[in-house]
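Numbering (my numbering), first residue to last: 1 to 384.
Even for Gly, the Cβ is constructed at its ideal location relative to N, Cα and C.
Just so we're clear, the structure is a prediction, and the values are computed from it rather than from any experiment.
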């Protein structure tokens, strides 16, 4: 069986695991663990506090610092309310494309990693090769945050990391971060004929939103002159506002969902500081009428972006393996910034297109899978 046929078979198995973020991913992690153990890897399954989710950390070669991480997330987005032509959890091949939920985002890359694991074992030696397969990337990079925290506690710092997000095998050296929040406003209900006697949670949520929109304009002005992102500034989006019960009742409850995607750590700190200051102002006003009023913020996820660096050994390695000589930046978020925070050189490169991710009839092409396998073949050849 050729490597491509092997990878295709593994991808079919991976797609069959309905590892939607809201569900357990233990079955797919166990499947990956068995493949890597068969290749001689030392495998750890690191469960989250619920016991229903897990990260996989596996190593070929020597223990300790250094080495190369091949990283991918095991979870996928839901298929509900999407019009799929076929069963999204049963891989279908058509016209050189492999269809199924997660085909490109990012089970195609994981399938290539598992296919080449035995060959990679031959070159690990004193320069280990690690596999990091995580949970809950799609809902805030929760698994990668836990995994990188564990590595930091163990004083393990991988030297290089390839994140296999779908880039059509193009080299990506920067991505925006993603900070997501749900904010709950609790006020005091009453009759709409006497608004001054109540605390209208929807109105205060609207004032919060107004400040966010002001900050959005500031962020446009803060865009670095040489920014390579599209758009070149930190973006901010108001996703959902829900509150109130009727047109003649002062709303005592509202929930706001919003997010922003920083291009620099300075922008992340700027937005968080400005919002916190505004919350203090709003809360002081609310409590003049109702001392029990509150504004509670739930952080869904805070992930710093991957900041392009002048010196990046991982980027240069993948240049050599793919034949590309230019790297780009992308606006979507990945787990890369969490590995960069360890002091690891990180690059993003994987099979498939982000344009297919999260959509019905998601697919990865056989050509893209072969390109990823060829990248690993060149790595093995260079280090043999």
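- Query: Rounded to a whole number of angstroms, what is the C-alpha to C-alpha distance between residue 62 and residue 158?
  - Reply: 12 Å
Practice prompt. Mind checking which residues open and close the beta strand (DSSP E) that includes residue 345?
Written response: 345–348
Check your understanding: Between the Cα of residue 160 and the Cα atoms of 149, 128 and 187, which residue gives the shortest distance?
Key -> 128
Under a three-way DSSP split, which group does residue 150 fall into? helix
Check your understanding: Hey, would you say residue 383 sits closer than 8 Å to residue 123, going by beta carbons?
Key -> yes
| query | Taking DSSP as the reference, what is the three-state secondary structure of residue 242? | reply | strand
| request: Using the Cα positions of residue 49 and residue 309, report the straight-line distance between them to the nearest angstrom. | output: 35 Å
What are the start and end residues of the beta strand (DSSP E) that includes residue 162? 160–163
- Item | C-alpha gap between residue 134 and residue 116, whole angstroms | 19 Å
Do three or more CB pairs link the region 326–333 to the region 162–180 at distances below 8 Å? yes
In the DSSP assignment, the alpha helix (DSSP H) including residue 270 goes from what residue to what residue? 265–289
Residue 99 to residue 105 span [Cα, whole Å]: 11 Å
For residue 376, the nearest candidate out of 42, 24 and 68 (CA to CA) = 68
Inset, instruction - Would you grab the beta carbon distance between residue 201 and residue 252 for me? Rounded to a whole angstrom, and I think it's under 8 Å. - result: 6 Å
query: Which residues in the same chain as residue 314 place their Cβ atom closer than 7 Å to its Cβ, once the five residues preceding and following it in sequence are excluded?
result: 160, 161, 162, 345, 346 and 347
Worksheet item: In terms of residues, what are the limits of the alpha helix (DSSP H) holding residue 109?
Response: 108–115
TODO: Just the C-alpha distance for residue 323 and residue 354, rounded to the nearest angstrom, thanks.
DONE: 21 Å
Secondary structure of residue 156, DSSP reduced to three states
coil
Exercise. In chain order, which alpha helix (DSSP H) runs of at least 4 residues are fully inside the region 295–382?
Worked result: 313–322 and 336–340
Secondary structure of residue 203, DSSP reduced to three states: helix
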